[in-house]
Amino acid sequence: MARLTIVLVALVAAMANAFVVPASAPLTRTATKTALPVNIKVDVGEGEPIESALRRFKREVNKSGHLMDLRYKRYFENSQDRKKRKIVQKRFRVRMERMNAQRMRKQRT
-2 MARLTIVLVA
8 LVAAMANAFV
18 VPASAPLTRT
28 ATKTALPVNI
38 KVDVGEGEPI
48 ESALRRFKRE
58 VNKSGHLMDL
68 RYKRYFENSQ
78 DRKKRKIVQK
88 RFRVRMERMN
98 AQRMRKQRT
């Protein structure tokens, strides 16, 4: 079980490094350190299939937001682009909250 946890942590680190592109991309790939702390752990139970553990691991990675942050940091984003992106994200978040509130009201009645 400990070996599988180590493999999963190494997989997260590899996924984080896959989205980092150096300023001048050399012909050979070298591992680069990211500034993001990767602290994602998935405990695998005895006899649990690796597919379900991997599915839970992917869900945790998505919930942590590391990959989205790395995608935004892949290329330089000036302050105006960042503001536009944040406005679009807030608009989406408010829309989802409004939809969830409507669903909850319908469930109560």
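Okay, so the sequence shown: first residue is -2 according to this note's numbering, each after it adds one.
We treat Cβ as the ideally placed atom computed from N, Cα and C, and that holds for glycine.
- Boundaries of the alpha helix (DSSP H) harbouring residue 55: 47 to 61, taken from the DSSP string.
- Between residue 60 and residue 2, the beta carbon gap of about 18 Å keeps them out of contact (Cβ cut-off 8 Å).
- Residue 50 is positioned such that its CB atom lies no closer than 7 Å to that of residue 58.
- For residue 94, the enclosing alpha helix (DSSP H) stretches over residues 76 to 105.
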